[in-house]
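Asks:
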Amino acid sequence: MPENTENRPTVRGAKISKYPIEHYVADPDETPLQATDSSVSDAAPVSLWLEAWRNLRTQPLFIISAILIISVVFVALFPGLFTNEQPNANCQLANSDGGAVPGHPLGFTQQGCDILARVMYGTQSSLTIGLFATIAIVIFGGTVGAISGFFGGWVDAVLARLGDIFFALPLILGAIVVVQIPFFQENRNVWTIVLILSAFGWPQIARITRAAVIEVREADFVIAARSLGVSRTGALIRHVIPNSLAPVIVIATITLGIFIVAESTLSYLGIGLPPDVMSWGNDIFSAKSSLRSNPMALFWPALALSLTVLSFIMLGDALQDALDPKARKR
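Residue numbers for the sequence shown follow the UniProt record's numbering, beginning at 1 and rising by one.
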């Protein structure tokens, strides 16, 4: 409707236009502002983990790595479903470096053992070492990093310097030195390798956890919990650590693959698992002497090792994109 401008007061000295401008005001019924202002959602806020899962299940990288990891875990749990042969049984020198035949699709090793059976059963040792070594460093290194980052002061100084000492020792070199100790030489098995790798692998997890805890400890929800009477230890366990797990999970996933490679490296050098234990490193070590005559004996365990490590690295990259808000693609 046109606005009345006849009785409008004028400003002294202002120039009045010969043709007054008419203003039109819309009818309030035509602009339902109440509907526009009432855009309140009743949906519950989405947590970081739920949003990460929604992001992950649409990523081809995560889907491929998850399928590979599930397949490797299934083979490690039930190797007998994929082969009727035992890795050290029916090894006949007449089949030495033999090619593929019915019932033995991957051929034979230099000792006449079935390659498929050794690769399948070798999955157990390699995956067990990688998994339990990763669990050990997450528990120990995560605890050290959380305490160091949350309490600070002299506690942080002591634990940080302790971590620097172990961090300065390379993983493989430190494991080679320690495994030469007579006690470990006489008791070489899966659990001693786990212990050795864990002793040199925890500082990285501790550093990542410490940095994440320092970032979270000054958050508003932590200060609010402390003001409501929650103790420092309670705030650390109930609020700080759960909100600091994202980077730790990413690094732990990648570290698991590194530990599998480390075990294979030690076994290849002849100082890892004993020869009677099935592992991909031992198979690669045994096949190097017949590399020219039978390269497939080395190819298949090396392929299984590469695919497994690659799947954990791809999973770590996918988790980083999903859990890190700065790296997440929207």
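Glycine is no exception: its CB is placed at the ideal position from the N, C-alpha and C atoms.
Once you ignore the five residues that flank Trp300 on each side, which residues in its own chain have a CB closer than 7 Å to its CB?
Replies: Leu106, Ile115 and Val119
Asks: Would you tell me roughly how many angstroms separate the C-alpha atoms of Ser125 and Ala262, rounded to the nearest one?
Replies: 13 Å
Asks: Mind checking who Val101 pairs with in its DSSP beta bridge?
Replies: DSSP, once it has assigned bridges, lists His104 as partnering Val101.
Asks: Just to confirm, are residue 332 and Thr255 a CB contact at a threshold of 8 Å?
Replies: For residue 332 there is no data in the structure shown, the boundaries of the chain being 1 and 330.
Asks: With which residues is Asp114 paired in a DSSP beta bridge?
Replies: Phe108
Asks: With a 10 Å radius around its C-beta and 16 neighbouring C-beta atoms as the bar for buried, classify Gln180 as buried or exposed.
Replies: Burial call: exposed.
Asks: Starting from Gly174, trace the alpha helix (DSSP H) both ways and give me its first and last residue.
Replies: Leu171 to Val179
Asks: How far does the alpha helix (DSSP H) with Phe183 in it reach, from first residue to last?
Replies: Pro182 to Glu186
Asks: I'd like to check one pair, Val158 with Leu273: are the Cβ atoms closer than 8 Å?
Replies: Cβ distance not < 8 Å, so Leu273 and Val158 don't count as in contact.
Asks: Does the Cβ of Ile69 have 16 or more other Cβ atoms within 10 Å, making it buried, or fewer, making it exposed?
Replies: buried
Asks: Are the CB atoms of Val194 and Phe140 nearer to each other than 8 Å?
Replies: In this structure, Phe140 does not lie closer than 8 Å to Val194 by Cβ.
Asks: Within 10 angstroms of its Cβ, does Gly145 collect 16 or more other Cβ (buried), or is it exposed?
Replies: buried
Asks: Measure the C-alpha to C-alpha separation of Trp280 and Gly122 and round it to an integer number of angstroms.
Replies: 6 Å
Asks: Just reading off the alpha helix (DSSP H) that Pro203 is part of, what are its end residues?
Replies: Counting along the chain, the alpha helix (DSSP H) containing Pro203 begins and ends at Val190 to Val216.
Asks: Within 10 angstroms of the Cβ of Ile63, are there 16 or more other Cβ atoms? Answer buried if so, exposed if not.
Replies: exposed
Asks: Which runs of the alpha helix (DSSP H) at least 4 residues long sit entirely within the stretch 286-329? Give them in chain order.
Replies: 296-323
Asks: Quick one: measure Cβ to Cβ for Ala252 and Thr134, integer angstroms, because I've assumed they're closer than 8 Å.
Replies: 5 Å
Asks: Would you report the Cα separation of Val75 and Ile284, rounded to the nearest angstrom?
Replies: 19 Å
Asks: Could you compute how far the alpha carbon of Leu56 sits from the alpha carbon of Leu319?
Replies: 7 Å
Asks: What do you reckon, are the CB atoms on Val222 and Val213 nearer than 8 Å?
Replies: no
Asks: Between which two residues does the alpha helix (DSSP H) harbouring Gly153 extend?
Replies: Where Gly153 is concerned, the enclosing alpha helix (DSSP H) starts and stops at Gly153 to Phe167.
Asks: Counting only the same chain and skipping the five closest in sequence on each side, list residues whose C-beta sits under 7 Å from that of Ser290.
Replies: Asp97, Gln110 and Ala297
Asks: So, Val248 versus Thr209, is the Cβ gap smaller than 8 Å?
Replies: yes
Asks: From which residue to which residue does the alpha helix (DSSP H) around Val75 run?
Replies: Pro60 to Leu77
Asks: In the structure shown, what three-state DSSP assignment does Glu51 receive?
Replies: helix
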